[in-house]
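Structure, as structure tokens:
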Ligand SMILES: Cc1cc2nc3c(=O)[nH]c(=O)nc-3n(C[C@H](O)[C@H](O)[C@H](O)COP(=O)(O)OP(=O)(O)OC[C@H]3O[C@@H](n4cnc5c(N)ncnc54)[C@H](O)[C@@H]3O)c2cc1C
Ligand code: SF4
Ligand code: F3S
Ligand code: FES
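Residue numbers (the working numbering), protein chains in the order written: chain A, -6 to 104; chain B, 113 to 240; chain C, -10 to 236; chain D, 235 to 815.
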């Protein structure tokens, strides 16, 4: 046996888990409840300005990419738990995560 | 030789056979909703990059009844994720102070405090 | 007639049975009896052909693990009084081949256990004439919990990942490796990493946590494994940044 | 039958057997070894030892102190050369365990901590919380894994020694999972199979302690020494016999009778200080404490329970924190098995059969009278325990003499040629087993014979014995042995046949029980754990001697005597209580 390179998958998984635990609920609270109820208004200018700032970009990217990776990794493990293993599942999970991450990155660069 | 060890195969629905595995499966499935919500956010970022009108369309879409229902689901699972994640932190990161372990409740509690703080900051930034 | 209780025991005799089946026995109910006492009653009075392992009858030798009403338990520490009025179903531990009746095949576990190099690899060799390695109570406290494992393998029976991948090193062995890694006298973490931090080691664990829930000795292997994941990741990063330097 | 050729075969993988195996590997890694055990090593009963292991390490102590405590504790029936070697080596062996990772409890400065123990004048008992035996066993087992030459044969039940031309050349074993018989052909054999407490009905000993090794050696012509000495531990939990460690008294626990009175002061063990005074009161030796219980019982001052009479052990004064820190297992066991939380309540306890002082007669190098055969641990009697073992001496004994046995066996193996094929012995063993499998028509069951043996040993050879009770017990045992020869197996399968194993174990126990009863009958004095009602005094003129029981195929064993080795401590009166300190 040899030491594994799993940390490359696991570190962002663990980080993503923490990020998801800390901020995903409040984000959903905002977009899923407060905005539809009209409690707050997400106006374009503020958001765009935030997304313009390098630190804002970083925060937004982290909030999307890390939980996305977390989700992909966990789903792959769960698929395995359910008896669905193999390269296909692996590609589907991590592939989707990469897609989300790249789209987010692209959008942030473009903003 | 008379030995003939009997191997029991693990069944596919093993996780239905004990409440603790069901709870585990639900915990794992939270990731599906976390992931979907991330995808929603990514789309939001694209719409944001596309300009004012696109953004408003996006806001309208996620505020529509189906969008709201979907996000409610996501919220329930996301909170379940947070709770289970924090509950496990003392195991992953135990602390020792002066040779005595810090009680797990304290570590979990600190995470709840952090959770509240982060949420408050985000809410304020969003203009509540 | 005085009170009785029924046990439903999984029997498998490889020389005559093609597959396991349940057999019922009725034994006297006693408040202070454990399931093992009931099995001994069966063996002595009802059916001498029933086979199972036990020795200490005090929850320390680790031989009497069984699945009791769907829960991995030490039969010498599981009281009839907790099942009063019901039927007690006794099966061999999950995830191990059944040798016979309640006796499981332990070979794989014994190999995994020795695989993690569970012995002290001193930081610095010191002759006996120089006395003991000093270790403060606080340093002892750091790993003491992980020395409590009695190798009862209840955690292997509870962990679905053990069932899904027979090569998974598994909770108790990984916890034992962690015990030595944390010992202030030990310097063998690098040597153990080959197995501990391999694909079949800690990375196969998805933190189900069942291992710690069933552990009769509060060893908390789940905690040991997660901590090892973090420290193995740190080591991996260090290796990445300064190849070979930190070993 | 399969034959496995090996240099050294070790039967028993408890503390003594594992230590021997490591010693062989360190003496010469090229020697091949078979470590044979009827259970996985970590199930061996060393695992159950709680209190600690004695070895002089602190400045306020001396080897001489340990020597004198041991010799007087053993009522001068110890061989003093062996005791001297033992006390000198114990600290080194315990240190060796530390170097192998044993998690000894520590003092604030990082040094190993020691606690007081019964019969010891000065605190010198090393401990690992209250799971000392568990930690020693696991440390030894885990350490043994790093030696490639130690080949384990787990769950092999060994039945007989192979003896040819006056030399022990191996052992026969049954692989329990398959029923296959194996002959281990060895240049040297070590027996380390532990004690025989299961001969009695109420014991702290685990199911595996059935005296197999003693019986194997005994049948092969090696005498069993001092078998009349069986230790009762004063504090077992009623019902299960689970031990409440002496450490609980070392830490300050007290024993009271039904009136709440510290009765030990009535038996020359006072004064009843409120603190633990060494060698006095609750820290007196085990034989005295168990005998005091018997007298209290005669006087009607014990407490009646469904599981027999008890007295109370009170550790409440230690407080919750101390109990959790030093005696967590005591709390756990009391809560689970008698429903008592010792932080707030009294623990019911009664004397319980605990330790087999006698065993396979060996010399100071662990060699038996049969060339090539060595023995160590509780199954052996190298005569450091005499008529009464002091608590915490035997965990030290198993490593001291375990290591010694390993070295002696390694040296013997190197000096002696490979034995010739052992066909005859193997065939005989196989024939015996076949005969047992084929036997029909017996009406006795293992459990009924075992119960009869248990009962007669308790009633006739318990804490106090007399001519009448012993004669009766000897008669019953003879009858049981005759019936045993006709016993019929209820399970005739090969795979993990525990009916077969229990039957073989019963045969061993009956042989050993007979040696005990007859040795006890012949010793017409009271000494240590051997108390004869009609001979209440020690009689050095006639019995400052070891008894040797020799097996005879037909009829009871023959008993002869061997002088005790006295070097520097002439026999004197044993004094405990205030006078001793
Ligand atoms: C509850 C309890 C508490 C104790 N506390 C203390 C204490 O605090 N301090 C102290 O000094 N002492 C204590 N003792 C005594 C001490 O633990 C024992 O004397 C010692 O552990 C015996 O070790 P051993 O290696 O000789 O035998 P064991 O550990 O009993 O090992 C015997 C080995 O022999 C094997 N074996 C037996 N028969 C066969 C066979 N037929 N074929 C193959 N293998 C066989 C078994 O599988 C086992 O591996 C205690 C004893 C008990 C019961
Ligand atoms: S970790 Fe716990 S459950 Fe697992 S083998 Fe050890 S004692 Fe048993
Ligand atoms: S149950 Fe199994 S998956 Fe991990 S946390 Fe325990 S080893
Ligand atoms: S019999 Fe030893 S743990 Fe149950």
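The beta-carbon is built from N, C-alpha and C at its ideal position, and this holds for glycine as well. All of these numbers come straight from a predicted model, not from anything done at the bench.
- Leaving aside the five residues that flank residue 377 of chain D on each side, the residues in its chain whose CB is nearer than 6 Å to its CB run, in chain order, 334.
- By the beta-carbon neighbour count (other beta carbons within 10 angstroms, threshold 16), residue 236 of chain B is exposed.
- Looking at the DSSP output, residue 402 of chain D sits in a beta bridge with D:397.
- Around the beta carbon of residue 277 of chain D, 16 or more other beta carbons sit within 10 angstroms, so the residue counts as buried.
- Annotation note: the segment 411 to 464 of chain D contains the following uninterrupted alpha helix (DSSP H) runs of length 4 or greater, listed N- to C-terminal: 446 to 453.
- Taking the Cβ of residue 47 of chain C as the reference point, at least one heavy atom of ligand 4 falls within a distance shorter than 8 Å.
- Within chain D, no residue has its CB atom less than 8 Å from the CB of residue 139 of chain B, the nearest being about 31 Å off.
- In the three-state scheme derived from DSSP, where H, G and I count as helix and E and B as strand, residue 604 of chain D is classed as coil.
- If you check the CB distance, residue 58 of chain A and residue 194 of chain B do not come in under 9 Å.
- Remark: the C-beta of residue 144 of chain C is in contact range of ligand 3, defined as less than 8 Å to any heavy atom.
- For residue 54 of chain C, DSSP records a beta bridge to C:63.
- For residue 149 of chain B, the residues of chain A that pass the 7 Å Cβ criterion are 17 and 21, in the order they occur in the chain.
- Taking a Cβ-Cβ cut-off of 9 Å, the neighbours of residue 226 of chain B in chain A comprise 15, given in sequence order.
- Residue contact check for residue 74 of chain C against chain B: no CB pair falls below 9 Å.
- Residue-level contact check: residue 115 of chain B touches chain D, since one or more beta carbons of chain D fall below 9 Å from its beta carbon.
- Counting only runs that start and end inside the segment 120 to 195 of chain B, there is no beta strand (DSSP E) element of at least 3 residues.
- Closer than 9 Å to the CB of residue 1 of chain C there is at least one CB belonging to chain B.
- Linking residue -1 of chain C to residue 409 of chain D through their CA atoms gives a straight-line distance of about 23 Å.
- Inclusion of residue 242 of chain D and residue 266 of chain D in the CB contact set at 9 Å is warranted, their separation being smaller than that value.
- With contact defined as three or more Cβ pairs closer than 8 Å, the segment 154 to 164 of chain C and the segment 117 to 130 of chain C are not in contact.
- Residues of chain A whose Cβ lies closer than 7 Å to the Cβ of residue 129 of chain B do not exist, since the nearest Cβ in that chain is about 13 Å away.
- Annotation: the continuous alpha helix (DSSP H) that includes residue 707 of chain D extends over 701 to 718.
- In this structure, residue 219 of chain C has its beta carbon at no less than 8 Å from each heavy atom of ligand 3.
- Within chain C, the C-beta atoms nearer than 9 Å to that of residue 729 of chain D come from 2, 3, 4, 40, 88, 89 and 92, in chain order.
- Residue 81 of chain A and residue 156 of chain B have their C-alpha atoms roughly 28 Å apart.
- In terms of CA proximity to residue 331 of chain D, D:372 leads the group D:372, D:385, D:310 and D:348.
- For residue 733 of chain D, the enclosing alpha helix (DSSP H) covers residues 732 to 756.
- Short of 7 Å from the beta carbon of residue 712 of chain D, and not among the five residues preceding or following it, lie these beta carbons of its own chain, in chain order: 790.
- Here the C-alpha atom of residue 45 of chain C lies approximately 46 Å from the C-alpha atom of residue 226 of chain C.
- Judged by DSSP secondary structure, residue 792 of chain D falls within the beta strand (DSSP E) whose first and last residues are 792 to 797.
- Beta-bridge pairing by DSSP links residue 312 of chain D to no other residue.
- At a cut-off of 9 Å between beta carbons, residue 179 of chain B contacts chain A.
- At a cut-off of 9 Å, the C-beta of residue 203 of chain B has a neighbouring C-beta in chain C.
- Distances between the C-beta of residue 198 of chain C and the heavy atoms of ligand 3 include at least one below 8 Å.
- Proximity to residue 619 of chain D across D:349, D:318 and D:804 peaks at D:318, based on C-alpha coordinates.
- No Cβ-Cβ contact shorter than 9 Å links residue 757 of chain D with residue 623 of chain D.
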